[in-house]
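> Going by full-length UniProt numbering, the final residue of the sequence shown carries number 345, and the count climbs one at a time with no gaps.
My structure is below; once you've seen it, I'll send some questions.
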Amino acid sequence: VFYSSIMANSCRKLIFNIYVVFYCSAVIMPQICICSQFTSSPIDQFNKDPKAFPVATNGEIFPWHELRLPTVVIPLHYDLLIHPNLTSLDFVASEKIEVLVRDATQFIILHSKDLEILNASLQSEEDVRYKKPGENLTVLSYPAHQQIALLVPEKLRAHLRYSVAIDFQAKLADGFEGFYKSTYRTLGGETRTIAVTDFEPTEARMAFPCFDEPLFKANFSIKIRRESRHIALSNMPKVKTIELEGGLLEDHFETTVRMSTYLVAYIVCDFTSVSGTASSGVKVSIYASPDKWSQTHYALEASVKLLDFYENYFDIHYPLPKLGRFKFIIVIIFRTCFDLIPLYM
């Protein structure tokens with residue numbers, strides 16, 4: 001009996017030791033390996049071996065060599081202003097990104113694809129508080145990774161917030177990605193142009209410089225300038241419209257929930273809509289070209305029923321006040337899953 005007890009204890013110890021080894025190998029070691037990748041800051045890596053880094057379009061060394069963005073700087077809030085021109089088929093825009101610096105760094109890496117950066121500047125929290133002008137930043141571009149680097153005059157301090165302002169412009173894209181032009185034909189044979197976004201999975205960088213990875217979630221405040229013959233739609237309800245010189249209008253939308261860049265959406269078009277209300281009180285709207293407006297009612301009825309069904313099925317209340325769907329064009333802004341923040345007016 002004593003011998004059997006010793007053998008049993010030995011077996012238990014052996015099993016326990018095997019379990020400990022397995023746990024360390026499967027759980028602890030990968031985390032140590034992952035953390036070890038960030039033991040040295042991007043600045044240290046760059047200073048240690050600058051020859052290992054790529055060359056920017058202007059011939060200077062680009063300070064980041066990974067396909068994924070560094071996590072030393074993270075976005076908190078985007079303030080985005082877009083002005084598309086549906087005649088010249090281009091757009092001008094500006095943005096302010098509030099960022100948090102996790103570790104001291106002398107550059108900020110963003111995604112940007114086919115955008116012409118006009119200028120970039122940086123303000124600290126103190127500069128913003130006392131309304132001091134921002135410091136101009138040097139912008140380097142590395143198209144192979146669709147990245148730009150903003151070089152700051154002085155090292156950014158850890159655990160502080162900064163505001164990055166960027167002015168840029170680009171052509172409306174020809175395909176169906178990013179911020180692109182789309183057309184439809186009226187019953188009279190006239191071809192009309194609208195401007196549409198489709199950022200999933202990684203095409204927000206074609207519309208504005210951003211941290212275009214799902215990890216980097218932030219809030220978005222969007223403003224859109226347009227002609228009076230058009231309407232503008234975005235993720236959230238419209239707060240107000242301001243009249244500008246030259247007959248232009250500027251629509252301001254509510255700040256979004258915290259979300260990834262691929263969920264940002266906005267459209268400038270001349271569509272009309274029909275609206276209804278789900279049982280939970282969410283307003284549902286269907287948008288279509290004026291000639292197709294009479295065909296939107298079935299889509300509205302189906303959309304309201306679908307929203308009611310999935311709210312009941314998942315026992316999750318739809319988190320936003322309105323839902324908009326486009327019909328009879330390429331892009332449908334509606335998903336039965338709740339991972340997409342739909343279009344709002």
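Where a beta carbon is used, it is the ideal one built from N, C-alpha and C, also for glycine.
Since this is a predicted model, take the numbers as computed values, not measurements.
Near LYS283, which residues of its chain fall below 8 Å by C-beta distance, leaving aside the five closest residues on each side in sequence?
SER275, GLY276, THR277, PRO321, LYS322 and LEU323
> When you compare only the Cα positions, how much space is there between GLU116 and ASP308?
44 Å
> How about GLN169 and VAL92: do their beta carbons lie closer than 8 Å?
yes
> So the candidates are LEU248, ILE222, THR105 and GLU311; which of them puts its Cα closest to the Cα of HIS230?
LEU248
> Between the alpha carbons of LYS240 and ILE82, how many angstroms are there, rounded?
16 Å
> Could you check which residue in CYS269, ARG258 and THR296 has the C-alpha nearest to that of PRO319?
ARG258
> Less than 7 Å between C-beta atoms, sequence neighbours within five positions excluded: which residues of the same chain meet that for PHE179?
PHE91, LEU172, ALA173, ALA195, THR197, MET206 and ALA207
> For a minimum of 3 consecutive residues, which ranges assigned as the beta strand (DSSP E) are wholly contained in the region 83-110?
90-101
> Could you check the C-alpha separation between GLU95 and SER303 for me, to the nearest Å?
34 Å
> For PRO63, which of LEU300, ASP103, THR183 and LEU151 has the nearest alpha-carbon?
Checking every option, the nearest Cα to that of PRO63 belongs to LEU151.
> Measure the alpha-carbon distance for ILE166 versus ILE242 and round it to whole angstroms.
23 Å
> Taking its Cβ as the centre, do 16 or more other Cβ atoms sit within 10 Å of CYS35, making it buried, or is it exposed?
Annotation note: pLDDT 40 at CYS35 (below 50); position unreliable, no value reported.
> For LEU140, count the other beta carbons within 10 Å of its own beta carbon; 16 or more makes it buried, fewer makes it exposed. Which is it?
buried
> Relative to the C-alpha of ASP114, which candidate in LYS223, PRO209 and GLU135 has its C-alpha closest?
It is PRO209.
> Are ILE148 and SER121 close, meaning C-beta to C-beta below 8 Å?
no
> Going by DSSP in three states, TYR310 sits in which element: helix, strand or coil?
helix
> Which stretch, first to last residue, makes up the alpha helix (DSSP H) that contains VAL128?
125-129
> Going by DSSP in three states, residue 415 sits in which element: helix, strand or coil?
With the chain represented from 1 up to 345, any question about residue 415 goes unanswered, as that position is not in the structure.
> Between the Cα of PRO237 and those of GLY246, GLU245 and ILE224, spot the shortest distance and give me the residue it belongs to.
Measuring from the Cα of PRO237, the nearest candidate turns out to be ILE224.
> In whole angstroms, what is the alpha-carbon distance linking GLU177 and GLU203?
Whole-angstrom Cα-Cα distance: 6 Å.
> Are the Cβ atoms of VAL268 and LEU80 separated by less than 8 Å?
no
> Can you tell me the Cβ-Cβ gap for SER289 and SER273, rounded? I've got them flagged as a contact below 8 Å.
That belief does not hold up - the Cβ atoms of SER289 and SER273 are roughly 11 Å apart, past 8 Å.
> Can you check which of these residues, ALA52, LEU300, ASP291 and VAL55, is closest to GLY188 by C-alpha distance?
Nearest of ALA52, LEU300, ASP291 and VAL55 to GLY188, Cα basis: ASP291.
> Starting from PRO153 and walking both ways along the beta strand (DSSP E), at which residues does that stretch end?
147-156
> Rounded to a whole number of angstroms, what is the C-alpha to C-alpha distance between ARG157 and ILE61?
23 Å
> ASN312: buried (16+ other C-beta within 10 angstroms of its C-beta) or exposed?
exposed
> For residue 375, I'd like the list of residues in its chain whose CB is within less than 6 Å of its CB, leaving aside the five on either flank, ordered along the chain.
Only positions 1 to 345 of the chain appear in this structure, which leaves residue 375 out of reach.
> When DSSP labels each residue in this structure, what does ARG229 get in the three-state scheme?
coil
> Kindly indicate the opening and closing residues of the beta strand (DSSP E) around residue 353.
Lying outside 1 to 345, the shown extent of the chain, residue 353 is not represented and no answer is given.
> Using DSSP with H/G/I as helix, E/B as strand and the rest coil, what is ALA170?
strand
> Using the three-state DSSP reduction, which class does GLU245 fall into: helix, strand or coil?
helix
> Buried or exposed, going by whether 16 or more other CB atoms sit within 10 Å of the CB of SER260?
buried
> What are the residues that DSSP puts in a beta bridge with ASN119?
ASP167
> Along the chain, where does the beta strand (DSSP E) that runs through THR181 open and close?
For clarity, residue 181 is Lys in the given sequence; the question names Thr instead. Per DSSP, the continuous beta strand (DSSP E) segment holding LYS181 begins and ends at 178-185.
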